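First residue of the sequence shown? That's 628 in my numbering, and the numbers climb one at a time after it. All C-beta atoms in this analysis are idealised placements derived from N, C-alpha and C, irrespective of residue type, glycine included. Since we're looking at a predicted model, the values are computed, not measured. Reading through the structure tokens given below for one structure.
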Amino acid sequence: MKTFAPFNPFVVLGLVWGLWLVAQILLPHAAGVALTLLPVAISWHWLRPDPQRGASASATTESSGPNTVQAARADTLARDVDEALACRGHILYRLDLRRKAYDYISPNVEALVGQAPAVLTDDGGWSHIQARIPPADAAHIRSRIRTALSETPTGPCDIELEYRLRDAQGQTRWLRDSVRLVRDDSGRVCHTTGAAIEITETKTAEQRVLVTLRAIGDAVLATDVEGRITLFNPGATALTGWQEAEAVGRRLSEVLTFAPTVDHRPAALPVDAVLKTGVVMRCPEAMMLIARNGCRIPVLDSTAPIQMAGDPAPVGVVIVLRDERASSESLRRLNESEARYRTLVESSPVGIFHFDREHHITFVNSRFSDILERSAEQLIGLDLKTLADESVLPAVRAALEGHQGRYEGPYHDRESARDIRFSIRTAPVFDTPGNVVGGVGIVEDYTARYDAERKLRESETRYALAMRGTNEGLWDWNPLTMELFLSSRLMALLGEAAESLRTTSDAWLARMHPDDRDVYYLRMVAHLKGETQHFELEFRMATHDGSYRWFRSRGIAQRDEQGNAYRMVGSMGDITARKRAEMQLTNELAFSRTLVDSLPVGLCVAQRDGSLTLLNPYLCRITGYTADDLGALALTDLIIAEDRPVIQQRLERAYDEGAAWAETQVESRDGRHLPVSFLARRVTLHDVDQLLCITTDISERKNAEQQMRNLNRELESRVTDRTAQLAAAVKELETFSYSVSHDLRSPLRAIDGYARIIRDDYREAFTQEAHVLFERMLAAVARMSDLIDDLLELSHVSRRPLNRNAIDLSAMAEQVVETLAQAKPTRQVSIHIDPGMTLFADAKLLHIAIENLLGNAWKFTAKVADAELRFFSFKENKEAVFCVEDNGAGFDMRYADKLFGPFQRLHTDRDFEGTGIGLATVSRIIQRHGGRVWAEGEINRGARFYFTLGSIDK
């Protein structure tokens, strides 16, 4: 993969516009310079197929299922090619030299040459490009190609070209073109593939801008709209003391600081006004620039907007500062005088401050700031009446009245709540006519002497306590006599109760761990000989209870004039806890390494340049490379060629955002392509941002997804078949309903009509028993008609579409009960319906269900003296449950599962009339709404019918 370093077009654009504005400022009578810059493509990559890889992939495809895998790869390749061609940063193409036309070319070529890709891909279409290349450049291209082909006699040949091209507007563009020349079987070049980027700005603007800026003697700066410095020439470095690398990226206010004006107003450049108005502005007077070293430099300024071609909104400003020190001798003398005065004032051991007639502080030296423990920025402009107490103000007022003032005594600082003692002497300051314009004060702080004495006493006390309370023990050894002194703290570290101990070095070595004695001896001798600057060692010592603890000992030898050590003093501290922590950390690192090596995913750490470290065995296993091989490869070398630009972009995103993810394919050493899930997460190792990359084999998941897609297609086919069958069944049901409604009713009407004619016309010819039989026959016909009506209603309920709306269920129940009462006005029934029961359902269907439930309750309480009927609701598991309860005939719970089936009746017609369809209709309606219905009851003790409408009733 070939890449080119990205080039920032906005930097070039800003620099060129900056030069234009500088030219306008420095050479106001010069002609304007028109500079037009276009963006430079950021980066691009070669997409080059590998013949060996293709052969291996083809073999794999043929063995694992050619049609499916080839189709998937073709789709993936087509998508990747479309994405690559659509990239605006570069122009990708393939040129067929036989047809002298392009096989494909990026769509953005039309904006460059004014010809659509379709024109360029027609036979002879290359002539549109060839005609725009100057003859000299074309000859140079041919020479380069001939040289490259001679150097590479066989196989493909890669070459990089730079040439000019006349664009659609007639302007000359520079292009950098990376080309691959491909030969056919006879060795002739049959086509070329390449990627081109524009480098016009790089060729024409970069050197021009840099040379011009460095040749300008004045300070030139450029900023963006946020006030951050983007350009800083050598003149600015010489003027301000800031280096270019330090200044670029900082805010302008951090680098350029100006002293207040004579009337104490803040001084600043008109950057905001220029950005707002888009016009060049200059300050009417010279401003005093405070350089980085504190030096004050008078400068003249000019601030101009940076505007893009065709866009009046400024994208930044260019600032030119001219050093005025050399232009005025009087100003130089003034600066020298002011510098001498400031040096004298700043080096003064007393505090000095200036104030104006309004009691505002106008100047303070560093000593005055130290006395009040405030910065100069906090003090300048502060009203003295808010700074000092009443005892100090008379001296200030005396100076403003033209007299000298003096005060000695205590002073309470309100800001820090400190009580100090000092003396203040004030004197007036006169202007040329002799008027008092302010005053100067000299402050001498006597508190410092008291603080110094107090701190000295505290220091002596702290030293004495440190000798006794330090966490490290002290030792003092005489190499000549071998006498060794151990402090009380050191004895405590060894578990001894003695305050201190005088012993010998031999006894000391006897307590040391045998494995550490030789190292201790060698280090000590080396220091005594002067081979090391100090003695330092970590070793183990036996404590009072016989256990060993880790100690760290440091010491230095005192030497005579000949360099011989005559005394050695040092300290020793217990580091057992640290050693244990180090051991634990070592164990944890070993565990982490074992865990990484055991992970069933590929894991590595990639650096900025793509090199790999911290590889685990699984990554070697899936790629087929050894750890040494992977260490010599870049991360993107493991990715298939067509996915490398995507993975490179994900890596950049991971550095910027902290993490990035993608699905891609890893190319193993033997050419196999393995689908993987790739995750990159930014981590900091050794203070350097790197990427932890995790590669997970998703071959099984991809196979499962393919199987799922196949299964989905099969299920969709089945659903289509079942839908057709269901539609046929519905059609048959509609036909059946029509037959029931028409074909069955006609015989019933005939039977009913003839029976009534015979009964009425021949009434006297029949006996009373015959008339009873006629009545029964007519009742059976009516019951059959009602049964047909109920069956049709059940059929209509099943097919009717739902039209849900908000329903007042309480009002609906009241209407049903009122209708029942009008049909049986003589019945006395106690009825209770809860108010405010509402839900969201189909009003017509729900009315049928309520009518059936309340009608059954009304019917089955007909033989009860004190009939009661209740309709109420309650919450159960956050679900609204509705209940119709009565104290009528009830039913046997053993047969509760038969209640909601068509024609299922638990009572005879002699007891209670009915068709057995009502509750089946209720069940069908409730199920259509996504709810459920059930019943509870006892024989002769009533029944309760419950129903819900699922989530709809909420």
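Check                                                                                                                   : Outcome
The stretch 1143-1150 in contact with the stretch 1050-1070 per 3-pair CB rule at 8 Å                                   : no
HIS1556 - DSSP class collapsed to helix/strand/coil                                                                     : coil
Stretch pair the stretch 1500-1519 + the stretch 1564-1575: three plus CB contacts closer than 8 Å                      : yes
Runs of alpha helix (DSSP H) wholly within the stretch 1436-1515 (minimum 4 residues, chain order)                      : 1436-1450, 1470-1487
Close-in-space but distant-in-sequence residues of the same chain around ALA1119 (CB under 8 Å, 5 per side omitted)     : GLY1100
Contact under 7 Å by Cβ, GLU1000 with SER1050                                                                           : no
Extent of the continuous alpha helix (DSSP H) to which GLU1209 belongs                                                  : 1203-1225
Buried versus exposed call for GLU1588 [16 or more other C-beta atoms within 10 Å across all chains shown]              : The structure shown does not extend to residue 1588, since the chain is modelled only from 628 to 1581, so the question has no answer here.
Three-way DSSP call (helix, strand, coil) for TYR1573 in this model                                                     : strand
Proximity of GLY782 and THR850 at Cβ, strictly below 7 Å                                                                : no
Range covered by the alpha helix (DSSP H) that runs through CYS1247                                                     : 1244-1250
In DSSP terms, what CYS1320 is bridged to                                                                               : CYS1231, ALA1307
Neighbourhood of ARG1571 by C-beta, 6 Å cutoff - its chain only, sequence neighbours within 5 removed                   : CYS1510, GLU1512, GLU1563
Distance between GLY1482 and LYS1583 (C-alpha atoms, nearest Å)                                                         : Because the chain spans 628 through 1581 in this model, residue 1583 falls outside it and cannot be assessed.
Straight-line Cα distance separating GLY1190 from GLY1157                                                               : 8 Å
From ASN1243, THR1263, ASN920, residue whose alpha carbon lies closest to that of ASP1255                               : ASN1243
Pairwise C-alpha distance: ALA795 and ALA738                                                                            : 8 Å
Exposure label - ASN992; buried when at least 16 CB within 10 Å                                                         : buried
Runs of alpha helix (DSSP H) lying entirely within the stretch 821-846, each at least 4 residues, in chain order        : 827-831, 833-842
Contact check, THR930 vs VAL906, beta carbons under 7 Å                                                                 : no
Assigned secondary structure, ARG1150 (DSSP; H/G/I helix, E/B strand, else coil)                                        : helix
CB contact flag (GLY1122, HIS1171, <7 Å)                                                                                : yes
Burial state of TRP1288, where buried means 16 or more other Cβ atoms lie within 10 Å                                   : exposed
TYR1522 burial status per 10 Å Cβ neighbour count (16 or more: buried)                                                  : exposed
Where TYR1034 falls, given that 16 or more other Cβ within 10 Å makes a residue buried                                  : buried
Straight-line Cα distance separating ALA863 from LEU848                                                                 : 7 Å
Residues of its chain near VAL746, where Cβ-Cβ distance is below 8 Å and the 5 sequence neighbours each way are ignored : GLY752, HIS755
Helix, strand or coil at THR1263 [DSSP, three-state]                                                                    : helix
GLU1080 burial status per 10 Å Cβ neighbour count (16 or more: buried)                                                  : exposed
Same chain only: Cβ atoms within 6 Å of ASP845, ignoring 5 sequence neighbours per side                                 : GLY862, VAL947, ARG949
Range covered by the alpha helix (DSSP H) that runs through PHE1393                                                     : That residue, PHE1393, is in no alpha helix (DSSP H); it is neither H nor E in DSSP.
For ILE988, the three-state DSSP class (helix, strand or coil)                                                          : strand
Cβ neighbour criterion (16 or more within 10 Å) applied to ASP1387                                                      : exposed
Identity of the residues DSSP links to GLY1032 by a beta bridge                                                         : THR1053
C-alpha gap between TYR731 and LEU1216, whole angstroms                                                                 : 54 Å
Bounding residues of the beta strand (DSSP E) (the contiguous stretch that carries MET914)                              : 914-917
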